[in-house]
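Residue numbers (the working numbering): 1 to 299. Ideal Cβ positions, reconstructed from N, Cα and C, are used throughout, including at glycine. Everything numeric in this text was worked out from a predicted model, so none of it was measured. What follows is one structure encoded as structure tokens, with my remarks underneath.
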């Protein structure tokens with residue numbers, strides 16, 4: 001199998017069973033990872049701040065009860081994380097919902113994620129779409145991306161590739177790499193939009209330049225195949241290498257093929273074997289087979 005023919009471009013970055021998917025399809029990791037820091041800063045500088053933490057919490061609770069949307073959102077965060085209050089999933093959901101119903105975009109996004117995962121609430125694809133749509137309409141790029149995924153997969157809404165493209169595009173134009181990759185995939189496959197390899201390459205490149213490994217791999221394949229761009233094996237190798245260095249097995253295999261065939265790089269069987277081995281270690285059977293063949297040949 002040649003580097004040019006080995007493409008995972010048939011697999012959209014959207015399905016939990018897809019090797020190139022995000023493990024959490026729409027979670028903003030920075031939001032989740034920094035919750036404690038954000039809350040600490042908010043408590044320190046909020047208009048309801050108090051010297052004593054218990055008083056601060058009580059003040060937030062009072063404002064939330066009176067309908068302050070920001071207090072409701074923060075109270076949901078506090079209950080979710082168990083910061084200053086006893087951790088309570090039901091209370092977290094209640095306060096997120098109150099804030100979301102008042103139009104708080106982050107609360108809407110979080111509710112969508114909860115329904116996606118079935119965490120703290122029963123998993124419900126219809127609710128997923130409802131809350132992601134509300135956040136997406138406020139310009140939340142992650143929500144726009146996930147709404148596109150819902151349309152592409154037909155989960156919680158009737159399957160509609162054109163709608164998927166519309167929401168991927170909104171998120172992609174905001175710079176979300178996953179959306180740029182998926183929009184490139186839609187152009188590559190002609191799903192929901194007229195097939196256009198040049199447009200596919202444009203969006204793959206945008207995501208690849210942000211360090212997205214699957215996009216780097218797909219851009220390499222485009223150069224190797226000469227689809228949407230002039231064929232250039234040296235460029236293919238460059239992008240395969242970037243993805244391979246991030247541990248993407250398909251890219252490691254293709255980089256091995258490039259070294260084995262001397263396409264875009266000086267032929268080097270030892271280096272080819274090294275990359276085949278790394279691909280094999282990452283679960284790529286073609287890499288394992290190629291490594292075994294070189295072993296039997298005495299390399």
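How many angstroms separate the CA atom of residue i from the CA atom of residue j?
{"i": "residue 87", "j": "residue 61", "result": "15 angstroms"}
{"i": "residue 99", "j": "residue 109", "result": "11 angstroms"}
{"i": "residue 157", "j": "residue 73", "result": "27 angstroms"}
{"i": "residue 263", "j": "residue 119", "result": "48 angstroms"}
{"i": "residue 144", "j": "residue 274", "result": "40 angstroms"}
{"i": "residue 189", "j": "residue 124", "result": "29 angstroms"}
{"i": "residue 228", "j": "residue 161", "result": "21 angstroms"}
{"i": "residue 286", "j": "residue 244", "result": "15 angstroms"}
{"i": "residue 71", "j": "residue 101", "result": "14 angstroms"}
{"i": "residue 147", "j": "residue 296", "result": "50 angstroms"}
{"i": "residue 207", "j": "residue 89", "result": "36 angstroms"}
{"i": "residue 171", "j": "residue 180", "result": "8 angstroms"}
{"i": "residue 288", "j": "residue 152", "result": "33 angstroms"}
{"i": "residue 28", "j": "residue 142", "result": "Low confidence applies to residue 28: its pLDDT is 42, below 50, so where it sits in the model is not reliable, and the reading given next is rough at best. So the two alpha carbons sit approximately 7 angstroms from each other."}
{"i": "residue 194", "j": "residue 226", "result": "19 angstroms"}
{"i": "residue 104", "j": "residue 265", "result": "52 angstroms"}
Determine the extent of the alpha helix (DSSP H) in which residue i is found, giving its start and end residues.
{"i": "residue 274", "result": "269-281"}
{"i": "residue 242", "result": "233-244"}
{"i": "residue 147", "result": "141-153"}
Hey, out of the options, whose CA is closest to residue i's CA?
{"i": "residue 223", "options": "236, 154 and 84", "result": "236"}
{"i": "residue 279", "options": "271, 150 and 248", "result": "248"}
{"i": "residue 305", "options": "84, 80 and 203", "result": "Residue 305 falls outside the range modelled here, since the chain spans only 1 to 299, and no answer is possible."}
{"i": "residue 267", "options": "214, 233 and 288", "result": "233"}
{"i": "residue 54", "options": "214, 211, 260 and 78", "result": "78"}
Where does residue i sit, in a helix, a strand or coil, going by DSSP?
{"i": "residue 228", "result": "coil"}
{"i": "residue 85", "result": "coil"}
{"i": "residue 291", "result": "helix"}
{"i": "residue 126", "result": "helix"}
{"i": "residue 120", "result": "coil"}
{"i": "residue 193", "result": "coil"}
{"i": "residue 10", "result": "Summary for residue 10: the model assigns pLDDT 29, below 50, so the residue's position carries little reliability; its value from the coordinates is reported in the next sentence. Coil at residue 10, not helix or strand."}
{"i": "residue 52", "result": "coil"}
{"i": "residue 160", "result": "coil"}
{"i": "residue 206", "result": "helix"}
At least three beta-carbon pairs within less than 8 angstroms, the region 238-245 to the region 191-202 | no
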